[in-house]
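Novice: This is the structure I want to talk about, given as structure tokens.
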DNA sequence: TACAATGACACA
DNA sequence: TACGTGTGTCATTGTA
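Residue numbers (this note's numbering): 32 to 666.
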């Protein structure tokens, strides 16, 4: 399906539709519809037989249908799929739009992806920017591109499924789940998370004092700042700023403390009367800056907060967000999330997800036995750590993150002895990463190959001594069948280290800590080993979460229809719907009378996701679920 | 003045 | 020896 390029507010959607076979081959001539909303809704009316809509990008195409009151059951998102397929051949951060995919297919210059625009500043919706004087294709030409690229993507998915070196029999599942994720993200943005401004105000006022005028600091914060200054010998108004790490560091050193940073964990070790005030100031200051009244003004409209998710925005397949920090909302702010009258929130999170994923992907029978229980760490402790749950947790987290410090060596030895398959799984992934290899999630999502910079450092060509680690060839990056000439672009790595090289490297754990700047060969190798070690788990957990969301979305829609309460296939009716998602946690907004069924759907979806992603496994993925009026009341 | 880097901390 | 993964956003600080 393609749309004619009209204004988003235009109530009449027109565009082109063509029916394809399962192989992506046209089964009918293309047809123009001057009322796409109605056409699509009619095709969707028999949900059991709903088509899988193929379109350029859900992110821009689907909101137009949603605004017209039309929900779709399934889609194939060309852009999201292109990302997954490019990743399979080691190409990250390359343009993934329909236009770009089509250009690669035809061997033409590849246009950059359009810059994502905030919903409020959207004008023309067509994501094809004219470049080099070429004209923007019309909707019918777009349809031809769409059909060609879609067929090619199906072919590449099949190729990946039979790749002997990096088999991904489930890649089609991943593509379907990723596409469904796009639908979920668009629907969450459309519905919005119920957000009560008065409750948000109450939290802020309680902690910070009344809302100040303009940009002034709230009263409590300003007062606290003065007290902090006084505690370190500064008179009020004498220019001490607790928000300045430099000044705080200077004040503390002047008071005789030798510290390297003003991080909270380091400050807590200091015995000084000003520290407690300073820590309180930092906490409140952050709350005010990140999620205070300015944030509320910018992001809460008509009782709804609308997160802008970036599906698959993290290389591991986790979602990212744009602009409003939806994934970093402080827990205390959950008090502002209150269901509408007559509605409830179903809150569910998958506890201990990552160790359970490790148990499932590694097939370790001992760990799987522990993961069949409700508290994996307690079961692990009982089996191998003399009942010491804290030790068991520390050990397993250390194994998944690659930690070796802090005296956990002996704990890791226990794991290695008692759960050899699980430990071998993560250690194999780490060794592959250290050698420059690529690892994959359960459903076949590929991690980025090492950057040229990493290769230089590890091979000792970067002016740092210590080159003793062999780097694998490019065998991992391009499966033989995939490496056709159209994909021979060398400039594939600009993205991979964008953050890694920008931050301060391994020294003192600054910033993200995954950089290679200033690293010696061995450090860089082990750093990448930790990344790939974690990738196989985090990305497989993301696989599971994506499928969970996709299944849940379908079941919630069935719930609305079956009950006869909601309009079912429509939008904005009274069917339960997803309103929030954070890695391993979902929030569903539901009419009260459907709350129990919605909660049941959440639980059953998790189990279906388990079967789809991990097949036959004794591992369970128990959910903590709660039906509440306020998000903060869940656990 | 505008932009980039830094340090810190929120989330999973 | 020591080495915990992945993000986004803010205020401050440094540079062009």
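Even glycine gets a Cβ: it sits at the ideal position worked out from N, Cα and C.
Taking three-plus beta-carbon pairs below 8 Å as touching, is the region 422-442 in contact with the region 607-616?
Specialist: With a cut-off of 8 Å, the region 607-616 and the region 422-442 do not count as touching, because too few Cβ pairs lie within range.
Novice: Going along the chain, which residues of its own chain have a beta-carbon closer than 8 Å to the beta-carbon of residue 476, five neighbours each way excluded?
Specialist: Contacts found: 115, 118, 205, 347, 348, 570, 573, 574.
Novice: Return the CA-CA distance between residue 23 and residue 134, expressed in angstroms with no decimal places.
Specialist: Because the chain spans 32 through 666 in this model, residue 23 falls outside it and cannot be assessed.
Novice: Applying the criterion that 16 or more other CB atoms from any shown protein chain within 10 Å of the CB defines a buried residue, is residue 507 buried or exposed?
Specialist: Since pLDDT at residue 507 reaches only 35, below the 50 mark, its modelled position is unreliable, and no value is offered.
Novice: Round the Cβ separation of residue 657 and residue 378 to the nearest angstrom and send it over; I've been treating them as touching at under 8 Å.
Specialist: Indeed, because the Cβ distance is near 5 Å, the residues count as touching under 8 Å.
Novice: Quick check on DSSP: helix, strand or coil for residue 86?
Specialist: Note: residue 86 maps to strand in three-state DSSP.
Novice: Kindly give me the distance between the Cβ atoms of residue 262 and residue 304, rounded to whole angstroms, as I take these residues to be in contact under 8 Å.
Specialist: Indeed they touch by this definition, with Cβ atoms about 6 Å apart.
Novice: Where does residue 62 sit, in a helix, a strand or coil, going by DSSP?
Specialist: Note: residue 62 maps to strand in three-state DSSP.
Novice: Given a threshold of 16 other Cβ atoms within 10 Å of its Cβ, counted over all protein chains shown, does residue 510 qualify as buried or as exposed?
Specialist: With a pLDDT of 30 at residue 510, under the threshold of 50, the modelled position of that residue is not reliable, and no figure is offered here.
Novice: What separation, rounded to the nearest whole angstrom, lies between the Cα atoms of residue 409 and residue 42?
Specialist: If I take the Cα positions, the gap works out to 57 Å.
Novice: Report the rounded CA-to-CA distance for residue 422 versus residue 307, giving the unit in angstroms.
Specialist: Near 30 Å, if we compare the C-alpha coordinates of residue 307 and residue 422.
Novice: Determine the contact status of residue 376 and residue 662, defining contact as a CB-CB distance below 9 Å.
Specialist: Their beta carbons are under 9 Å apart, which means residue 376 touches residue 662 by this criterion.
Novice: Output the distance between the C-alpha atoms of residue 632 and residue 101, rounded to the nearest integer angstrom.
Specialist: Spanning the two alpha carbons is a distance of roughly 23 Å.
Novice: Would you list the one or two residues that DSSP bridges to residue 478?
Specialist: Bridge partners of residue 478: none, in fact.
Novice: When you compare the region 227-239 with the region 352-367, are there three or more beta-carbon pairs, one atom per stretch, that lie closer than 8 Å?
Specialist: Taking 8 Å as the limit for Cβ pairs, the verdict is that the region 352-367 does touch the region 227-239.
Novice: For a quick check, are the C-beta atoms of residue 552 and residue 488 less than 9 Å apart?
Specialist: Closer than 9 Å, so yes.
Novice: Buried or exposed: which applies to residue 65, given that a residue is buried once 16 or more other Cβ atoms fall within 10 Å of its Cβ?
Specialist: It counts as exposed.
Novice: Ordered along the chain, which non-local residues of its own chain (more than five positions away) have a Cβ less than 6 Å from that of residue 402?
Specialist: Cβ neighbours of residue 402 beyond the five flanking positions: 387, 390, 650.
Novice: Please state the DSSP three-state secondary structure of residue 467.
Specialist: Residue state, collapsed to three classes: coil.
Novice: With three or more beta-carbon pairs closer than 8 Å as the criterion, would you say the region 234-254 touches the region 333-346?
Specialist: Contact between the region 234-254 and the region 333-346 is absent, because fewer than three Cβ pairs lie under 8 Å.
Novice: Taking the alpha-carbon of residue 309 as reference, which of 279, 336, 122 has the nearest alpha-carbon?
Specialist: When each option's Cα is compared against that of residue 309, the closest is 279.
Novice: Which of the three DSSP states is assigned to residue 517 in this structure?
Specialist: The predicted model places residue 517 with a pLDDT of 21, which falls under 50 and marks its position as unreliable; any figure quoted below should be read in that light. Residue 517: helix per DSSP, three-state reduction.
Novice: Taking the alpha helix (DSSP H) that residue 48 falls in, what are its first and last residues?
Specialist: Where residue 48 is concerned, there is no enclosing alpha helix (DSSP H), although the beta strand (DSSP E) it sits in stretches over 46-48.
Novice: Suppose you measure from the CA of residue 17 to the CA of residue 630; what does that come to, to the nearest Å?
Specialist: There is simply no residue 17 to check, as the chain begins at 32 and stops at 666 in what is shown.
Novice: Is it buried or exposed, residue 69, if we count other Cβ atoms within 10 angstroms and call 16 or more buried?
Specialist: Exposed: under 16 other Cβ atoms inside 10 Å.
Novice: On a CA-only basis, which of 56, 96, 63 is nearest residue 75? Give me that one, please.
Specialist: Closest by alpha carbon: 96.
Novice: Measure the C-alpha to C-alpha separation of residue 164 and residue 140 and round it to an integer number of angstroms.
Specialist: Summary for residue 164: the model assigns pLDDT 43, below 50, so the residue's position carries little reliability; its value from the coordinates is reported in the next sentence. Cα to Cα, residue 164 sits roughly 12 Å from residue 140.
Novice: Can you give me the Cβ contacts of residue 540 inside the same chain, cut-off strictly under 8 Å, excluding the 5 residues immediately before and after it?
Specialist: A caution first: residue 540 carries a pLDDT of 34, below 50, which makes its placement in the model unreliable, though a value can still be read off. If we look at residue 540 and ignore the five residues flanking it on each side, it has no Cβ neighbours.
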